[in-house]
Amino acid sequence: MKLVAKFRRPGSRIIAMLATAILLLLLVLPVSCSKPESPPEPVQGEEGKNPGGEQLDAPEVKIDYQALGVNEAGEIMILMYHEIGEPESTWCRTPANFRKDLETLHAAGYRLISMNDLLDGKIDLPAGYSPVVLTFDDGRNGQFRYLEEDGRPVIDPDCAVGILEEFYAAHPDFGLAATFYIFYENPFGQSRHVQQKLSHLVEKGFEIGNHCYSHGNLRRLAPDQARRELALQVKRTQEYLPGYPVRSLALPFGERPDEMSHIIEGRYEGTTYRNEGILLVGANPAPSPFSVKFNPAALPRVRASEMETDGVGLYDWLERLRENPERRYISDGNPAVVTVPEPLAAQVDQSRLDGKSLLTY
Ligand SMILES: [Zn+2]
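Position in the sequence shown counted from 1, then plus 458, gives you this note's numbering.
Here is the structure:
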């Protein structure tokens, strides 16, 4: 009582202010202490500290798997594009619509990974985000075009590569990745620029895939002709890009023979090929590379189109995965650990973990 009375005296104002300041400090302190727990980013930073994947024992940063819906056995969209240009049609996306696709995917929590990363199960995204793969078939001019400016070739800002690079510059968190399934003699339609284009793509981290040497129908071709189609594409690609590993195939016309062994790997006139991933034409997201359902020899793709999609185009699937988030692959933020909800543990193919730990919650 005496103390309180003392504070009330005019001469003790400074002491009263100090007490208030200490009280405020105590109130504020717990808030700033809890702050580092909220953002998911630090989990990725942990990678270097625990190269053996021992993060399970050192949960310095708590990820709320339940709240984020983490599910690394979920499905992944592999989007299929053909031409980028005008006008919009079943097999042609306008530059404006392609930009809209990227904006929509980015806003909906999708991030780019490459086809090879999918095949390798190398999915390194922050917690709560979903991978998406972009594929372009046929090497159309609208996918990669040079314009002449003062006698120098510059990338057309309205071709797929121009749009992707511009989007990446504005949104580096989205990533930069796509696989171009080309055939010959003249991929991307400007014969004088083939070397420059293929070199540029690989330099930027894009990938080149097999689409047969002359877009052959692999269902109709005899095995030896099919081997020729597949091997010559690799041979020609490696003439431009010495040693380049062509690792996946997009089936021309979506057609494949019943017997697939000579499509998966083979040799023709000294050139060997091995298609670790084989892409179909339709019509749904692919299983996670950690799922027992993952079949690299028959990976379905989602058509990135809004015309004649029959309910299985990009926007149909975006909506379906939004309404059924438990189907969607959602990252735990740690590439060394595969995290799934407890009831899905049996869906994980242990043989595909490749040294990663499995965590259920
Ligand atoms: Zn094609």
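All residues carry an ideal CB built from backbone N, CA and C; glycine is no exception.
No experiment lies behind these values; they were computed from the predicted model shown.
Nearest to Pro589 by alpha-carbon distance, out of Val528, Ser706, Leu676, is Val528. Straight-line spacing of the CA atoms in Val612 and Ser815 works out to 46 Å. Taking the C-beta atoms as reference points, Leu676 is found no nearer than 7 Å to Arg732.
Note on Asn792: 16 or more other CB atoms within 10 angstroms of its CB, so buried under the neighbour-count rule. Glu766 counts as exposed, since fewer than 16 other C-beta atoms from the protein chains shown sit within 10 angstroms of its C-beta.
Under the three-state reduction of DSSP output, Thr637 falls in the strand class.
Relative to ligand 1, even the nearest heavy atom lies 6 Å or more away from the CB of Pro645. Within the same chain, and ignoring the five residues on either side of Ile736 in sequence, the residues whose Cβ sits closer than 6 Å to its Cβ are Leu707, Ala755. Distance from the C-beta of Pro710 to the nearest heavy atom of ligand 1 is below 6 Å. In this structure, Tyr698 lies near Leu656, with their beta-carbon atoms less than 7 Å apart.
Going by C-alpha positions, Lys693 is about 6 Å away from Thr729. Between ligand 1 and Asp596, a heavy atom-to-CB distance of less than 6 Å is present. In the DSSP assignment, Phe594 falls within the beta strand (DSSP E) that extends over 588 to 595. The region 592 to 601 makes contact with the region 634 to 649; the number of CB pairs closer than 8 Å reaches 3 or more. When DSSP states are grouped into helix, strand and coil, Pro715 belongs to the coil group. By DSSP's assignment, Pro611 forms a beta bridge with Glu606. For Leu817, the enclosing beta strand (DSSP E) covers residues 815 to 818. Between the alpha carbons of Leu738 and Gly712 lies a distance of about 5 Å. Nearest to Ser763 by alpha-carbon distance, out of Gly532, Ala554, Arg610, Pro799, is Ala554. Spatial neighbours of Asp575 in its own chain (CB-CB distance under 7 Å, excluding positions within 5 residues in sequence) are listed in chain order as Ile581. If you check the CB distance, Gly724 and Arg685 come in under 7 Å.
The beta carbons of Arg810 and Phe748 sit about 5 Å from each other, so the pair counts as a contact at 8 Å.
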